[in-house]
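Take the sequence shown: its letter number 143 is residue 143 in my numbering, and every next letter is one higher. Every residue, glycine too, gets a C-beta built ideally from N, C-alpha and C. Quick caveat, the model's predicted, so the values are computed rather than measured. Read the structure below first, then the notes.
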Amino acid sequence: MSYFTAVVAREGRTWVSHDLDVDSVEDLDELTAEVRGVVDDEDLALVLVEREDVWWAVVRLDGEDDPRIFVSDQVGATSSPYSSILAIAEDDSDEDQVVVQGTCAGDFDLLTDLGTSPERLREMCDEEMLPMDALAAVAESAGFAEVLDSLR
(Lines of atoms letter the chains of each structure in order from A and count residues from 1; the text may use other names and numbers.)
(Lines give C-alpha, C1' and ligand atoms only; values in the text may rest on other atoms or scores of the structure.)
Protein backbone atom coordinates (compact mmCIF):
# COMPACT_ATOMS: atom_id res chain seq x y z
CA MET A 1 0.00 0.00 0.00
CA SER A 2 1.31 3.39 -0.97
CA TYR A 3 1.54 6.21 1.54
CA PHE A 4 2.63 9.81 1.07
CA THR A 5 3.91 11.82 4.02
CA ALA A 6 5.18 15.37 4.26
CA VAL A 7 6.27 17.69 7.03
CA VAL A 8 5.75 21.41 6.41
CA ALA A 9 6.41 24.25 8.81
CA ARG A 10 5.64 27.91 8.81
CA GLU A 11 8.78 29.91 9.43
CA GLY A 12 7.66 33.50 9.74
CA ARG A 13 5.48 34.10 6.69
CA THR A 14 7.04 31.31 4.63
CA TRP A 15 6.20 27.62 4.50
CA VAL A 16 9.07 25.16 4.11
CA SER A 17 9.24 21.39 3.91
CA HIS A 18 11.42 19.30 6.17
CA ASP A 19 12.93 15.95 5.39
CA LEU A 20 11.71 13.55 8.04
CA ASP A 21 11.31 9.79 7.79
CA VAL A 22 7.81 9.45 9.22
CA ASP A 23 7.81 5.73 8.37
CA SER A 24 10.49 5.03 10.97
CA VAL A 25 8.58 6.69 13.81
CA GLU A 26 7.09 4.31 16.39
CA ASP A 27 4.40 6.50 18.02
CA LEU A 28 3.00 9.99 18.42
CA ASP A 29 5.53 10.93 21.12
CA GLU A 30 8.44 9.99 18.86
CA LEU A 31 6.88 11.82 15.90
CA THR A 32 6.45 14.92 18.07
CA ALA A 33 10.07 14.77 19.20
CA GLU A 34 11.34 14.24 15.64
CA VAL A 35 9.33 17.15 14.23
CA ARG A 36 10.36 19.44 17.08
CA GLY A 37 13.95 18.46 16.36
CA VAL A 38 13.78 19.94 12.84
CA VAL A 39 11.62 23.04 13.38
CA ASP A 40 12.10 26.06 15.62
CA ASP A 41 10.27 25.87 18.94
CA GLU A 42 7.77 28.57 18.07
CA ASP A 43 7.04 27.41 14.52
CA LEU A 44 3.83 25.75 13.46
CA ALA A 45 4.41 22.34 11.85
CA LEU A 46 2.03 20.02 10.01
CA VAL A 47 2.57 16.35 9.27
CA LEU A 48 0.46 15.32 6.29
CA VAL A 49 -0.34 11.69 5.57
CA GLU A 50 -2.32 10.22 2.71
CA ARG A 51 -2.96 6.66 1.73
CA GLU A 52 -3.66 6.27 -1.97
CA ASP A 53 -7.33 7.08 -2.58
CA VAL A 54 -8.51 5.88 0.83
CA TRP A 55 -7.85 8.36 3.66
CA TRP A 56 -5.73 11.31 4.81
CA ALA A 57 -4.63 12.87 8.07
CA VAL A 58 -3.03 15.96 9.55
CA VAL A 59 -0.99 16.17 12.75
CA ARG A 60 -0.46 19.74 13.95
CA LEU A 61 2.30 20.85 16.30
CA ASP A 62 2.30 24.35 17.77
CA GLY A 63 5.39 25.01 19.85
CA GLU A 64 5.26 22.99 23.04
CA ASP A 65 1.48 22.36 22.87
CA ASP A 66 0.21 18.80 22.62
CA PRO A 67 -0.15 17.52 19.06
CA ARG A 68 -3.57 17.86 17.46
CA ILE A 69 -4.80 15.26 14.99
CA PHE A 70 -7.49 14.97 12.34
CA VAL A 71 -8.13 11.87 10.24
CA SER A 72 -10.60 11.50 7.40
CA ASP A 73 -11.20 7.83 8.19
CA GLN A 74 -10.58 6.68 11.74
CA VAL A 75 -11.02 2.99 10.90
CA GLY A 76 -8.56 3.23 8.00
CA ALA A 77 -6.00 5.13 10.06
CA THR A 78 -6.17 2.78 13.04
CA SER A 79 -5.66 -0.25 10.81
CA SER A 80 -2.66 1.28 9.04
CA PRO A 81 1.08 1.26 9.77
CA TYR A 82 0.50 4.77 11.18
CA SER A 83 -2.04 3.64 13.78
CA SER A 84 0.18 4.45 16.75
CA ILE A 85 0.56 8.00 15.45
CA LEU A 86 -2.97 8.65 14.20
CA ALA A 87 -5.26 6.58 16.43
CA ILE A 88 -7.88 8.77 18.05
CA ALA A 89 -9.79 7.36 21.00
CA GLU A 90 -13.55 7.90 20.75
CA ASP A 91 -13.84 8.14 24.53
CA ASP A 92 -11.02 10.65 25.02
CA SER A 93 -11.50 12.78 28.12
CA ASP A 94 -11.01 16.04 26.22
CA GLU A 95 -14.41 16.16 24.56
CA ASP A 96 -13.74 19.56 22.97
CA GLN A 97 -10.84 18.20 20.96
CA VAL A 98 -11.86 14.70 19.93
CA VAL A 99 -14.98 14.41 17.86
CA VAL A 100 -16.02 11.43 15.80
CA GLN A 101 -18.48 12.13 13.02
CA GLY A 102 -19.00 9.43 10.47
CA THR A 103 -15.55 8.12 9.76
CA CYS A 104 -13.83 11.49 10.35
CA ALA A 105 -12.30 11.90 13.76
CA GLY A 106 -10.14 14.25 15.74
CA ASP A 107 -9.78 17.94 16.22
CA PHE A 108 -11.99 19.58 13.61
CA ASP A 109 -10.64 23.02 14.62
CA LEU A 110 -6.95 22.32 13.97
CA LEU A 111 -6.91 24.09 10.59
CA THR A 112 -9.40 26.90 11.23
CA ASP A 113 -6.73 29.61 11.55
CA LEU A 114 -5.16 28.28 8.33
CA GLY A 115 -8.32 28.73 6.27
CA THR A 116 -10.04 25.35 6.54
CA SER A 117 -13.09 25.42 8.79
CA PRO A 118 -14.49 22.47 10.74
CA GLU A 119 -17.48 22.51 8.38
CA ARG A 120 -15.18 22.24 5.36
CA LEU A 121 -13.35 19.29 6.93
CA ARG A 122 -16.71 17.57 7.46
CA GLU A 123 -17.67 18.31 3.84
CA MET A 124 -14.41 16.82 2.59
CA CYS A 125 -15.17 13.64 4.50
CA ASP A 126 -18.85 13.53 3.53
CA GLU A 127 -17.93 14.04 -0.12
CA GLU A 128 -15.23 11.36 0.22
CA MET A 129 -12.78 13.76 -1.38
CA LEU A 130 -9.67 12.02 -2.64
CA PRO A 131 -6.79 12.40 -0.16
CA MET A 132 -4.57 14.13 -2.70
CA ASP A 133 -7.32 16.65 -3.45
CA ALA A 134 -8.19 17.19 0.22
CA LEU A 135 -4.61 17.91 1.22
CA ALA A 136 -4.20 20.14 -1.83
CA ALA A 137 -7.26 22.15 -0.71
CA VAL A 138 -5.86 22.43 2.82
CA ALA A 139 -2.50 23.51 1.42
CA GLU A 140 -4.10 26.08 -0.88
CA SER A 141 -6.10 27.61 1.97
CA ALA A 142 -3.07 27.74 4.26
CA GLY A 143 -0.69 29.06 1.62
CA PHE A 144 1.69 26.12 1.15
CA ALA A 145 0.30 24.63 -2.06
CA GLU A 146 3.54 25.20 -3.98
CA VAL A 147 5.58 23.56 -1.22
CA LEU A 148 3.28 20.53 -1.19
CA ASP A 149 3.32 20.28 -4.99
CA SER A 150 7.11 20.29 -4.98
CA LEU A 151 7.12 17.22 -2.72
CA ARG A 152 4.90 15.06 -4.92
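Using alpha carbons as the reference points, say which of the options lies closest to residue i.
i    : options             : result
D53  : A105, A134, V47     : A134
G159 : E123, I88, T112     : Because residue 159 is not part of the residues shown, which for the chain are 1 to 152, the question remains open.
W55  : E42, L151, A6, C125 : C125
D113 : V16, V138, R152     : V138
D109 : Y82, I69, V75       : I69
L167 : A6, G115, L130      : Coverage of the chain is limited to positions 1 through 152, which leaves residue 167 absent and any answer about it impossible.
Among the residues of its own chain, which have a CB less than 6 Å from the CB of residue i, if the five just before and after it don't count?
i   : result
F4  : E50
A45 : A9, V35, V39, L61
V71 : A57, A77, L86, A105, G106
If residue i and residue j are in contact, beta carbons under 8 Å, what's the gap, nearest whole angstrom?
i    : j    : result
D21  : I85  : With 8 Å as the limit, D21 and I85 do not qualify as a contact, their Cβ atoms being about 13 Å apart.
T103 : D73  : 4 Å
L121 : A136 : Their Cβ separation, rounded to whole angstroms, is 14 Å, which puts L121 and A136 out of contact at 8 Å.
Rounded to a whole number of angstroms, what is the C-alpha to C-alpha distance between residue i and residue j?
i    : j    : result
L111 : S117 : 7 Å
V58  : E30  : 16 Å
G12  : E42  : 10 Å
E119 : E127 : 12 Å
L132 : V25  : The question names Leu, yet the displayed sequence has Met at residue 132. Spanning the two alpha carbons is a distance of roughly 22 Å.
Between residue i and the ligand NAD, is there a pair consisting of the residue's CB and a ligand heavy atom that are separated by less than 7 Å?
i   : result
D27 : Judged by which ligands are present, the structure shown has none, so any question about the ligand NAD falls away.
Inset, instruction - Answer yes if the stretch 142 to 149 comes into contact with the stretch 65 to 80, meaning at least three C-beta pairs across the two stretches below 8 Å, and no otherwise. - result: no
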